[in-house]
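Please read the structure below before turning to the comments.
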Amino acid sequence: MEQQCINVIETMALCLTSSGVDPGLAQFISIFIGVILVAIFPLVLVIILIWLERKIAARVQDRIGPNRVGPFGLFQNIADAVKLIIKEDITPAGADRLIYNLAPIIATLSTTLMWAVIPFSPVHIGVDLSIGVLYFTAIGSIGTLAIMMAGWSSNNKYALLGAFRVVAQLVSYEIPMVLALLVPVMIAGTLSMQGIVVAQLGMWFIVPAFLSAVIFYISNLAETGRAPFDLIEAESELVAGYNIEYSGMKFGLFMANEFMHAFTANLLFAVIFLGGWSGPGATQLPVLGFVYLFIKTLIVYIPSLILRATVPRVRIDQMMSFNWKFLVPVAIVNVIMVAFLIQVTKAVGLAPAPGETDFLAHLPQSVILLLGNLVVIAGILTYLRGIGRKARLESTVVAKAHDVPQVAAH
Amino acid sequence: MLELNAQTIAFFVFALFSLAGAVGVVSSKNLIHGALYLIVSLFGGAGFFVLLSAPFMAVVQVLVYIGAIAILIIFAVMLTRSMTNMTELFNRQWWMSGIVGILLFVLLTIGVILPVWGENGINPSQPVSDNVATTEDLGVALVDGNQYVLPFQVASLLLTAAMIGAIVLARDTDTE
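Here's what the structure looks like:
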């Protein structure tokens, strides 16, 4: 890339240098402002996200939602935030003070740190780590730790139960998530987030890796503790889950983190499967990349909100068996299938050359992979149909024998 | 001589993390605190990997040791509440682990530190090896027939066997 000052947004360090600032200092200022922006942006964004979620959930439930403070109730959450900040901060007696206070900070940190590797445009990315995909998986696992710290240090049995569930749920669903992520990594041939987006300039990965996209979306719902997998804070069973003892802004941090995490997960989905910032004119005008990325994120984020407002919560054993007996095997089969097909297309010569951005060059490989996906999906559906039929037959037999409705064994 | 730049400062911060964390693990009477100190210590280790330009190892350290193993340790400790507060700092085998610890320290000093930084050691300002490997090299090495494919497969087999063993042990023998 040519190194010269074009405008302040794209090449800030170079512009500062050309206006007479020391190059080292210019670099520092540019990175420093970048870090501040990347760290603050999700925290500010979350105010709008909560408003959006409350509005959509309200519409699903035939209500209006927040509508008093500001136009369309837009400032409701600012009022709520002010309330949370000035609320009394209570630390329960018997709580482990240090861990109790550290937990909300680490929870927020784990989500904010993920934004460091998200490519917003061809030139705007915190750090383009060569292992970006692994990085955010690793950072995500620190969030699990924060929730456990909160649950244990609160000295409350409901909080502890919530923390137990978190471990069971988040550690389990990490496995299909990582397996699903392997597929775009294999197709792109890189673990770097920017590399994955660049590899999608010809074809979005949702086409050749459709099944992985579905698995990633589902396990993301579980990872972020969203309905139907919101067992972490099942209020009918656990009162409020791991954050029951928290009040004031510490609770606010947990709540904001939850919304932020859900949005970040969908942002990652948009980056990995929907081409990130790619779109008409994005390579010429990088600012357009932001717009494309956020439109794509909203396309997957809003359905997840509607999903949250509509589906009931699954039972804990159903959730675990769904993961271990369904998602994980499907994800493993998917990885093997894609690895095999990629090698086949490479051997036959249908695979696009690395760095190829032409749509047609990507078409043969993508179609072959999509067909492979469809075959696996058809296989799964046939298998499920068999299981469902067997379960129904068994339940009718058992129900006749005992004259009580039976839950299927599977 | 030691020069003070960002890397040296980062090294000392990570060294402090790992050493203080390690001391915390063995000195805290609360097992949960011990497990959390272990995480701090492992985090310091991950930092060293970053400084050694091995980001893959750093992330694996966080993912596997902090994200999985440390969390499972905490989980196991949580389930055994009576164990969370220990009254004794030492148990009967303390001298055994002491001997092992000293032996390991001596071994590392003789085997690693002296050859590099000792009297006849390599110039420490020079890198120990010219071979700079990327994550890609690591991946290739693990599946290349001439390199480490066999150890890799054996390790995978071992892990699978351990997993199946755990499932068999945990299973209820009475049912069915």
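If you're matching them up, the sequences are chains A and B in order.
When you number the first sequence by my numbering, it's gap-free, plus one each residue, and the end is 412.
When you number the second sequence by my numbering, it's gap-free, plus one each residue, and the end is 202.
All C-beta atoms, glycine included, are put in the ideal place defined by N, C-alpha and C.
Status (buried if at least 16 other CB within 10 Å, exposed otherwise) for residue i
i	result
residue 220 (chain A)	buried
residue 282 (chain A)	exposed
residue 142 (chain B)	exposed
residue 114 (chain B)	exposed
residue 63 (chain A)	exposed
residue 252 (chain A)	buried
residue 320 (chain A)	exposed
residue 35 (chain B)	exposed
residue 186 (chain B)	exposed
residue 4 (chain A)	Confidence is the limiting factor: at residue 4 (chain A) the pLDDT is only 40, short of 50, which leaves the residue's position unreliable and the question unanswerable from this model.
residue 149 (chain A)	buried
residue 39 (chain A)	exposed
residue 190 (chain A)	buried
residue 82 (chain B)	buried
residue 162 (chain B)	exposed
residue 116 (chain A)	buried
residue 298 (chain A)	buried
residue 113 (chain A)	buried
residue 50 (chain A)	exposed
For residue j and residue i, the rounded distance between their alpha carbons
i	j	result
residue 203 (chain A)	residue 120 (chain A)	16 Å
residue 27 (chain B)	residue 40 (chain B)	Bear in mind that the predicted position of residue 27 (chain B) carries a pLDDT of just 47, short of 50, making it unreliable; the figure below should be weighed with that in mind. The alpha-carbon atoms of residue 27 (chain B) and residue 40 (chain B) are separated by roughly 20 Å.
residue 207 (chain B)	residue 55 (chain B)	The displayed coordinates of chain B run from 27 to 202. Any statement about residue 207 (chain B) would go beyond what the structure contains.
residue 180 (chain A)	residue 347 (chain A)	24 Å
residue 62 (chain B)	residue 51 (chain B)	8 Å
residue 205 (chain A)	residue 129 (chain A)	24 Å
residue 380 (chain A)	residue 390 (chain A)	15 Å
residue 110 (chain A)	residue 198 (chain A)	26 Å
residue 182 (chain B)	residue 175 (chain B)	11 Å
residue 126 (chain B)	residue 84 (chain B)	27 Å
residue 72 (chain A)	residue 81 (chain A)	10 Å
residue 79 (chain B)	residue 165 (chain B)	16 Å
residue 99 (chain A)	residue 106 (chain A)	12 Å
residue 232 (chain A)	residue 199 (chain B)	33 Å
residue 124 (chain B)	residue 131 (chain B)	11 Å
residue 336 (chain A)	residue 139 (chain A)	20 Å
residue 143 (chain A)	residue 398 (chain A)	43 Å
residue 243 (chain A)	residue 30 (chain A)	43 Å
residue 302 (chain A)	residue 48 (chain B)	44 Å
residue 44 (chain B)	residue 151 (chain A)	20 Å
residue 95 (chain A)	residue 103 (chain A)	13 Å
residue 91 (chain B)	residue 262 (chain A)	26 Å
residue 384 (chain A)	residue 271 (chain A)	28 Å
residue 89 (chain A)	residue 227 (chain A)	26 Å
residue 128 (chain B)	residue 136 (chain B)	12 Å
residue 364 (chain A)	residue 38 (chain B)	48 Å
residue 216 (chain A)	residue 369 (chain A)	17 Å
For residue j and residue i, believed in contact at Cβ under 8 Å, the rounded distance
i	j	result
residue 58 (chain A)	residue 229 (chain A)	Not quite, the Cβ-Cβ distance comes to about 13 Å (not below 8 Å), so this is no contact.
residue 318 (chain A)	residue 167 (chain A)	7 Å
residue 155 (chain A)	residue 101 (chain A)	4 Å
residue 266 (chain A)	residue 93 (chain B)	Between residue 93 (chain B) and residue 266 (chain A) the Cβ distance is about 17 Å, and since that is not below 8 Å, they are no contact.
residue 123 (chain A)	residue 292 (chain A)	6 Å
residue 133 (chain A)	residue 193 (chain A)	5 Å
residue 86 (chain A)	residue 254 (chain A)	4 Å
residue 209 (chain A)	residue 340 (chain A)	Rounded, the Cβ-Cβ distance is 13 Å, inconsistent with contact.
Span of the alpha helix (DSSP H), counted from its first residue to its last, around residue i
i	result
residue 413 (chain A)	Look at the range of chain A in this structure, 3 to 412, and you will see that residue 413 (chain A) is not part of it.
residue 155 (chain A)	134-155
residue 432 (chain A)	There is no way to answer for residue 432 (chain A), as the model of chain A reaches only from 3 to 412.
residue 85 (chain A)	78-88
residue 95 (chain B)	Where residue 95 (chain B) is concerned, there is no enclosing alpha helix (DSSP H), given that its DSSP letter is neither H nor E.
residue 92 (chain A)	Counting along the chain, residue 92 (chain A) falls outside any alpha helix (DSSP H), and DSSP gives it neither H nor E.
residue 127 (chain B)	120-134
residue 222 (chain A)	212-225
residue 260 (chain A)	250-275
residue 2 (chain A)	The question about residue 2 (chain A) has no answer, for chain A in this structure spans 3 to 412.
residue 163 (chain A)	159-168
residue 419 (chain A)	Since the first residue of chain A shown is 3 and the last is 412, residue 419 (chain A) is not available in this structure.
residue 108 (chain A)	99-116
residue 336 (chain A)	330-350
Contact test: residue i Cβ vs the ligand NAP heavy atom, cutoff 8 Å
i	result
residue 341 (chain A)	Of the ligands one can find in the structure shown there are none, so the ligand NAP has no counterpart to examine.
**OP:** At 4 residues or longer, and completely inside the region 34-81 of chain B: list those alpha helix (DSSP H) runs for me, N to C.
**Re:** Within the region 34-81 of chain B, the complete alpha helix (DSSP H) runs of at least 4 residues fall at 57-77.
Subject >> Runs of alpha helix (DSSP H) lying entirely within the region 161-194 of chain B, each at least 4 residues, in chain order >> reply: Correct list: 161-169.
Original post:
Which residue spans inside the region 184-210 of chain A form an unbroken alpha helix (DSSP H) run of at least 4?
Top reply: Qualifying alpha helix (DSSP H) stretches, in chain order: 195-201.
**OP:** Quick one: which residues of the region 135-153 of chain A get their C-beta closer than 9 Å to a C-beta of chain E? List them in chain order.
**Re:** In the structure shown, chain E cannot be found, because the protein chains are A and B.
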